[in-house]
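The structure appears right after this line, and notes come after that.
Protein chains: 2
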Amino acid sequence: MKIIPGGVTAPKGFRASGLHAGIRKNKMKKDMALLVSDVPANVAGAFTLNTVQAAPVLWDKKLVTEGGKCQALIVNSGVANTCTGENGYHDAEAMAAHTAGLLNIDTSLVAVASTGVIGIRLPMKTIFSGIDSLIPELGYDIDAGSRAAEAILTTDIYKKEIAVTLEVKGKPVTIGGMCKGSGMINPNLGTILSFITTDLNISSALLDKVLKKDVIDTYNMVSVDGDMSTNDTVMIFANGMAGNEELTEEDDDFKAFAEAVRYINTSFVKKIASDGEGATKMFQVDIAGMTSKDAARKLAKAIVSSNLVKCAMYGEDANWGRIVCAMGQSGIPFNPYKVDIIITSVAGQLKIVEDGTTTDYDEKEATRILAEKQIKLIADMNIGEYAATAWGCDMTYDYIKINADYRK
Amino acid sequence: MKIIPGGVTAPKGFRASGLHAGIRKNKMKKDMALLVSDVPANVAGAFTLNTVQAAPVLWDKKLVTEGGKCQALIVNSGVANTCTGENGYHDAEAMAAHTAGLLNIDTSLVAVASTGVIGIRLPMKTIFSGIDSLIPELGYDIDAGSRAAEAILTTDIYKKEIAVTLEVKGKPVTIGGMCKGSGMINPNLGTILSFITTDLNISSALLDKVLKKDVIDTYNMVSVDGDMSTNDTVMIFANGMAGNEELTEEDDDFKAFAEAVRYINTSFVKKIASDGEGATKMFQVDIAGMTSKDAARKLAKAIVSSNLVKCAMYGEDANWGRIVCAMGQSGIPFNPYKVDIIITSVAGQLKIVEDGTTTDYDEKEATRILAEKQIKLIADMNIGEYAATAWGCDMTYDYIKINADYRK
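Each protein sequence line maps, in turn, to chains A and B.
Using the working numbering, you'd call the opening residue of the first sequence number 1 and step up by one each time.
Using the working numbering, you'd call the opening residue of the second sequence number 1 and step up by one each time.
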């Protein structure tokens, strides 16, 4: 596997465009993106588990489960099309239909995504004219992909895209992706949208398997503030244009592809954590020596989700009591007297807890390690063979500022 | 039931004392409390469910389940005696033994509680001399109870105590209590400690029933930051000195007592939420029209636990999308299109959501209501008959300040 420049347009046969249609007030902010494959692609998706689901999420779930094919994706930022009732669902459908009409394809082949303010209707006139303008702007080049990646952001600071190549059954295959996450516009939520394209020829069943398995260890393991959006959407589109013999078995080629997808999604969740609301640093938590994979995941997630741990990271304070406590409140059984904790960054490595209690480490040394922008906390439970990783960011004054919409 | 002045010493036969023993550096801060009943009291307790449990919690759980009797309680603040291994347990036992020796009672009748820094040993010499000084200071008066209530605080701003009287089987019965919560000393956690005394004569079984049932709707329904302490302890002591005929049935007298305990615990959790770290306001969430009591509780708890809702409360922003989203991510099924949301305070009342979408309310009016120090959010799910209440506080810059221990 090799990392190459580009994003969603890197694989063969994918065009994209992105522009400011007028949904967002700030004219400098793009707010609509279009992604089109030359031929219908196999598609798999993973969606929010929130009881309240946005209209486009309901539309895409139907598309993924009923047809399993997709040729275009239309996305808007600025308005989430959530809590908008029947009308909202019709609006999502109209976005797909308008796009399908201009591309001369079936409406059921068009996926839809929205992110932004909850509880207000989409400005459909603006949406339609936005789609009209997106079509002639479609391009196969890197810049076209970048414009789409920019248009799906809300208050994310950085654009998030990536592309890799690998060889499958003797053919070069490319995978590209764009995502957004951790941004926020009042009054709404930090939604994760992630779209991955590939020219790989792969059966729908295997594509679905790759994504479902991957989400568990990537998107499900990142936490900015513990709130689950109504619009979270991860989709992967495989149009088969690499011309490889179709992947239908879990062979070595399949494993290489799954590994590349894992690389892309892991890279995205790290970007999401780093770009978390108000975040000044990203921290990774590695759980080792646990009794099962699932238990290890829950412990890792409990640590990155703890407000107290997140505040301690901001304070560059090796506050290990909070780490142990966060694990304890996960409800997962472990032996507190066997836990070792190590903190590490480019500035060094330090064991701060051994057998569940302090190593009487040097606090200054600990602070020096935690002062870096990328930190790793390793908790070895010493009771098993399983490991898991999660990612989070520190909690800062800016998190409060962004989310309090202070207007007193 | 009548509210009267006082706290844990209000019921007959309870003495208390509180003083600065030297565990905490600040000499103005009391750090040890002693509570003694003239005769052994029936005792019931509810403790943290964290996998990591403090040594005194382990000690008290044994006392409550094995003997069910208690005559004294020794508490220290400043050091939590958590993550301290076998030595920590021996230290807790030694605190009980030293107290028992001076009071000339059995060690197994002495409960122990600690709150403060995790991961360091108790300064036992200071603890022993503290106990020596607490004994001659014991008093039956209101001020003695207040000194104890002060000594169990960590960084709580306000002392929390209460007392009520009611008539049971023709005899006047008194209930008193003290608690602490939401304070924080680096590096540790916001622990809830709550101790209730009564001179009621009641069987152990019924006392346990009152407490266990009550905790579900009071202490379990408050959230400051979603982190569960390793030291949380709620205990109730009933010494029978009111001289009433023993309560052994769930009759009207029992119900009146249970109601009084509910009043005390509800009042305590409101105080804890109001005194939450960095909090500027307390908000109550009432869920109505839900399909079961448990589902209603989970929805209420999800709202008060959401960082995004807490930030919106600080911003005095009627950000109802966050409220709906927080309920949705609880995993509890409901119909989003039937939800009504009302905000209320002394400044007025406003329906902001009807049938799951905005009522196009006046934002200024909403902000005026949310500007108050005590707010209520009512979510009517309109799909059942059950209700539940939870309490939380806003999330502010000061929360970050307190918890980041900013030392860059």
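Heads up, the beta-carbon is just placed ideally off N, CA and C, and yes, glycines get one too.
Please read these numbers as outputs of a predicted model, since none were measured by experiment.
C-beta neighbour in chain B for residue i, strict 8 angstroms
i	result
A:T396	yes
A:W59	no
A:A390	no
A:T154	no
A:L189	Because the pLDDT of A:L189 is 43, which lies under 50, any placement of that residue in the model is unreliable, and the number read from its coordinates should be weighed accordingly. Yes, contact with chain B.
Span separating the alpha-carbon of residue i from that of residue j
i	j	result
B:K160	B:G181	9 angstroms
B:L206	B:E150	30 angstroms
A:Y397	B:T99	45 angstroms
B:A163	B:D199	12 angstroms
B:Y140	B:L73	15 angstroms
A:P56	A:V112	5 angstroms
A:K301	B:V215	27 angstroms
A:G183	A:K271	In this prediction, A:G183 has a pLDDT of 49, which is less than 50 and means its spatial position is unreliable; what the coordinates show is noted afterwards. Cα to Cα, the separation comes out at about 12 angstroms.
B:L122	B:V8	26 angstroms
A:N186	A:A16	Residue confidence for A:N186 is low, a pLDDT of 37 falling below 50, so the modelled location carries little weight; the figure read from the coordinates is stated next. Distance between the alpha carbons of A:N186 and A:A16 is about 28 angstroms.
A:M313	A:I343	11 angstroms
B:N382	B:M290	7 angstroms
A:I4	B:G78	55 angstroms
A:G67	A:A44	10 angstroms
B:N188	B:L58	Because B:N188 sits at a pLDDT of 38, beneath the cut-off of 50, its placement in the model cannot be relied upon, and the point is left open.
A:D420	A:R24	Because chain A spans 1 through 408 in this model, residue 420 of chain A falls outside it and cannot be assessed.
C-beta neighbour in chain A for residue i, strict 8 angstroms
i	result
B:V324	yes
B:F334	yes
B:Y314	yes
B:L308	yes
B:N409	Missing from the structure shown is residue 409 of chain B; chain B here goes from 1 to 408 and no further.
B:T230	yes
B:V52	yes
B:K408	Per-residue confidence for B:K408 stands at a pLDDT of 39, beneath the threshold of 50, marking its modelled position as unreliable; the derived number appears in the next sentence. Yes, B:K408 lies at the interface with chain A (some Cβ there is under 8 angstroms from its Cβ).
B:C83	yes
B:N186	Below a pLDDT of 50, predicted positions are generally treated as unreliable, and B:N186, at 37, falls in that range; no measurement from the model is reported.
B:G22	no
B:Q374	no
B:Y89	no
Residue i - partner residues in DSSP beta bridges
i	result
A:I378	A:D286 and A:I342
A:Q349	A:T344
B:W391	B:V222 and B:Q284
A:A46	A:V234
B:N76	B:M32 and B:S114
B:I3	B:V164
A:E354	A:T357
A:C311	DSSP, once it has assigned bridges, lists no residue as partnering A:C311.
A:A41	A:C70
Boundaries of the alpha helix (DSSP H) in which residue i is found, first to last residue
i	result
B:S204	S204 to D217
B:E385	Note, B:E385: premise wrong, no alpha helix (DSSP H); not H, not E.
A:K180	Looking at the DSSP string, A:K180 is not in any alpha helix (DSSP H); the run it does join, the beta strand (DSSP E), is K171 to K180.
B:L128	Note that residue 128 of chain B corresponds to Phe in the displayed sequence, not to Leu. Note, B:F128: alpha helix (DSSP H), M124 to E137.
B:G88	G85 to L103
B:V8	Taken as a continuous stretch (DSSP letters only), B:V8 belongs to no alpha helix (DSSP H), as it is neither H nor E.
B:V261	D252 to S274
A:T367	E363 to L370
A:R322	W320 to G328
B:R297	K293 to S305
A:S146	I142 to A151
Residue environment, residue i, which counts as buried when at least 16 other CB atoms sit within 10 Å
i	result
B:Y219	buried
A:N81	buried
A:D362	exposed
A:S158	The sequence given here places Tyr at residue 158 of chain A; Ser does not occur at that position. A:Y158 comes out exposed.
B:L247	buried
B:G412	Past the edges of chain B, shown from 1 to 408, lies residue 412 of chain B, and the structure says nothing about it.
B:N26	exposed
A:Q349	exposed
B:G101	exposed
A:S306	buried
A:L299	buried
Span of the beta strand (DSSP E), counted from its first residue to its last, around residue i
i	result
A:T115	V110 to V117
B:S194	L193 to T198
B:L19	F14 to L19
Distance cut-off 7 angstroms: residue i Cβ against heavy atoms of the ligand GTP
i	result
A:D294	The ligand GTP is not among the ligands present in this structure, which contains no ligands whatsoever.
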